Each structure stands twice: as structure tokens, then as C-alpha cells.
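Colleague: When we follow my numbering, the leftmost residue of the sequence shown carries the number 1, and every step to the right adds one. For reference, the structure I am asking about is given below.
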Amino acid sequence: MKASSGLGRLPELALRERRKGLAQRLPPVTEILRGSLLQRYVTCGNPACKCAKGERHGPIWYLTVTLGPGRTAGGIVAPEKVAEVRAWIENYRQLKDRLEQISDINRELLRRQRARQRQRRPKR
Ligand SMILES: [Zn+2]
1 MKASSGLGRL
11 PELALRERRK
21 GLAQRLPPVT
31 EILRGSLLQR
41 YVTCGNPACK
51 CAKGERHGPI
61 WYLTVTLGPG
71 RTAGGIVAPE
81 KVAEVRAWIE
91 NYRQLKDRLE
101 QISDINRELL
111 RRQRARQRQR
121 RPKR
């Protein structure tokens, strides 16, 4: 783990500021894609085509997404969409990373709150 390791040493105000900064820099949540973009060589299904003899079409861009253990989905991406798809995949990665960091901060804030409550309570 990276970002969370140093949180314990930061003052609470710094944690809140960092959280605010992360929230403000979230990528647009409507412009995200989970998956990987890769290039593939494909057959078109026409038995008379050259691809049926091994000379496949391509490379074509392909988006592949893991849906669960052993389950993937995917589809062809038009060349003019590749840049956008790349950007959306990157947005997804950043969004996930920043949400994870915000969650780490919130966990740390909870932990401190609890520590303060315990200090306040008189011991018997
Ligand atoms: Zn073909």
C-alpha cells in the first residue's frame, strides 16, 4: 500500500484538506470504462475469405472486461474511438484510486474519533 501508510502522522486538518482535494479532482464519473484495450487479429466467418486460411484481419482494437471468475465480455472498438476509450479507462483507474484514498482518510478519521472518545471517558 502507498498513500495510506503516512496518514497516521498527518494532522486532522491536513487529512480533511487532502480529502477535499481528492474529491475536487475526481474525473467525470460518466466518462469511465473498466477494462483493457488490446489489439487482436480476427476471422470474419466467411469461409471464402483469406482469413479462413489463416490470414486474419487486423489488428483491430478490442475492449475486454472481466465480469467475474472466468467470465469476460468485450467488443470491437472503432479506430476513431480508441483515444476516447483510452481516456475513459484511465478515468476509471483514477476514480478508483482516489475513492480508495478518500476511504483510507475516512478510516483514519474514524479511528481518531474513537481514540478521542476513549480518552474522554473516565476510567474506573
Ligand atoms: Zn475474413
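By construction, the Cβ of each residue, glycine as well, lies at the ideal position given by its N, Cα and C atoms. On a predicted model such as this, the values are computed, not experimentally measured, just so you know.
Between 38, 29 and 113, which lies nearest to residue 8 when the distance is taken from Cα to Cα?
Modeller: Selected option, being the one with the closest Cα: 113.
Colleague: Quick check: the stretch 37–55 against the stretch 95–110, are there 3 or more CB pairs under 8 Å?
Modeller: Output reads no: the stretch 95–110 does not touch the stretch 37–55.
Colleague: Between which two residues does the alpha helix (DSSP H) carrying residue 22 extend?
Modeller: Start and end: 12–24.
Colleague: Let me know the secondary structure DSSP gives residue 125 once reduced to three states.
Modeller: Only positions 1 to 124 of the chain appear in the structure, and residue 125 is not among them; the question remains open.
Colleague: What is the rounded straight-line gap between the Cα of residue 63 and the Cα of residue 18?
Modeller: Answer to the nearest angstrom: the Cα atoms are 34 Å apart.
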